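Residue numbers (this note's numbering): 9 to 443.
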Amino acid sequence: MKNFIILISVLFISSTAFSQINIGGKIKDKAQDKLEQKTDNTIDKGFDKTEEGVNGVFKKKDKDKDKDGDKDSESTDKNDNNNSDTGDGDVDVNVEKSSETGQKLESYTQYDFVPGDQILFFEDFSQDAIGDFPALWTSNSSGEVKTVNIAPGKWFHLNGEDASYCFTKDIEFPENYIIEFDIIPDDVYYRGIIFTLYQTDPENMHEIEDGLYPGLYGLHITLDNDGWETKGYGYSKDWLEGKASKNPVVKEKVNHVIIWVQKRRVRIYHLGAKVLDVPTNIYAEGKFNRLRFFGWDRASYPYVSNIKVTTASPDMRSKLLTEGKLISYGIYFDSGKDVVKSESRGSLNEIANVLKENPDVRIKIVGHTDSDGDDASNMDLSKRRAANVKEALIKDFAIDANRIETDGMGESQPIGPNDSVENKAKNRRVEFIKL
């Protein structure tokens, strides 16, 4: 009888503790941490005596999840150090821990995209208050800016049922551009979340586009438990579809998704690999100017942040050799760290090719930061980052060390004022200067 009472108490406390965010307690608001730690301690005291009964309850729950296709039940590490944002506002669960690891970039050769020298859009919700709906977005349902325990920064929780989340301002997408965003799915699920680029219809304009196929032309990218689906559409036109099962998003972890649009061609990268490449995925007539996240027929609520749009594939040779300076937003670091991340492969390879084809050219690598943090720390960090870029070019691309100098300017030479999230993103950069 005593064990039965303890079992009932454990189940009651557990359901109460996890009722506010239904993701197994692995991703939760930081404000809940202390309360849930106390709850965990209470549960632990009675758990040993009722372990067999409690396990029986949760085994049934796990079987139910398996029926829905959830085969990834890995526990998420709660240490923020393992999931920190990158130096240019990006977050990636696969981070190198220190420069001393000597990890080479060769296993990530499919990262062939090269971000350009212009940031067209950046959103990390840093300007929004915790608990508010983001100021520059709108929806037909609920949403909230939060913090989570597995990654730093602020995150937009898309917690509305069958909801549409639209950015309210136009974005001028060129023919060739790269979109990046971080997403934390609370579960892996059928149909998943749909990321949509679309061209608004001036004769039928809606601030909240909650239809399945908004605008005149568009591109759906669906992240679900089976992988990836893309669908280009246009009024009275057939769908242009793509599908891949490689490297689907992982629940309760930070997934860094990269989308490279090159005219009609769409490439998607995730977890160190190119997962999809569709040559004709977009109608040529489409001129996209808006983006949104859309949850269709789902009961799962992901978190998103660090949404960035840059130009792509700059003429690095002309920039460096003719103009004398190349600004790169394609060299990635973790926040506060100097380790060059694997996503930098494409940019570093292009720079190395220019140097190999022009053996007499010498360069200086200069690191720059935004104004967050103190001046001395930013100066030191920018110098260390430049040195690490040099080290990568030497070790991974066989560039002669005598051809490269390094320096760091910290926050002292901004491209623009540090008065917005987009301007701060522009100021976080690496420059390559011809000597």
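The beta-carbon is built from N, C-alpha and C at its ideal position, and this holds for glycine as well.
Quick caveat: nothing in here was measured; it's all calculated off a predicted structure.
Check                                                                                                                             : Outcome
Nearest-angstrom Cβ-Cβ length linking Gly424 and Lys434, presumed shorter than 8 Å                                                : 6 Å
Local Cβ density within 10 Å of Ala159, reported as buried at 16 or more and exposed below that                                   : buried
Identity of the residues DSSP links to Asn207 by a beta bridge                                                                    : Note that residue 207 is Gln in the sequence shown here, rather than Asn. Note: Gln207 sits in a beta bridge opposite Tyr225.
Where Met213 falls, given that 16 or more other Cβ within 10 Å makes a residue buried                                             : exposed
Own chain residues within Cβ distance below 6 Å of Thr94, not counting five before or after                                       : Interpretation of Thr94 is limited by its pLDDT of 37, a score under 50 that renders its predicted location unreliable; no figure is taken from the coordinates.
Own chain, CB closer than 6 Å to Phe405, minus 5 neighbours either side, in chain order                                           : Ala360
Range covered by the alpha helix (DSSP H) that runs through Val362                                                                : 353-365
Three-state secondary structure assigned by DSSP to Lys154                                                                        : strand
Buried/exposed call for Gln207, threshold 16 Cβ in 10 Å                                                                           : buried
Cβ-Cβ distance between Arg370 and Arg411 below 8 Å                                                                                : yes
Burial state of Leu443, where buried means 16 or more other Cβ atoms lie within 10 Å                                              : exposed
Inside the stretch 276-339 only - alpha helix (DSSP H) runs reaching at least 4 residues                                          : none
Pair within 8 Å by beta-carbon distance, Glu152 and Val429                                                                        : no
Contacts around His228, its chain only, beta-carbon distance under 6 Å, and the 5 residues preceding and following it disregarded : Ile202, Thr204, Lys239
Per-residue burial, Asp140 [other beta carbons within 10 Å of its own, 16 or more giving buried]                                  : exposed
Residue range of the alpha helix (DSSP H) that includes Lys391                                                                    : 383-405
Alpha carbon of Gly389 to alpha carbon of Tyr243, nearest angstrom                                                                : Per the sequence presented here, residue 389 reads as Leu, with Gly not at that position. Each residue's alpha carbon lies about 50 Å from the other.
Three-way DSSP call (helix, strand, coil) for Glu430 in this model                                                                : helix
CB contact flag (Leu329, Asn357, <8 Å)                                                                                            : no
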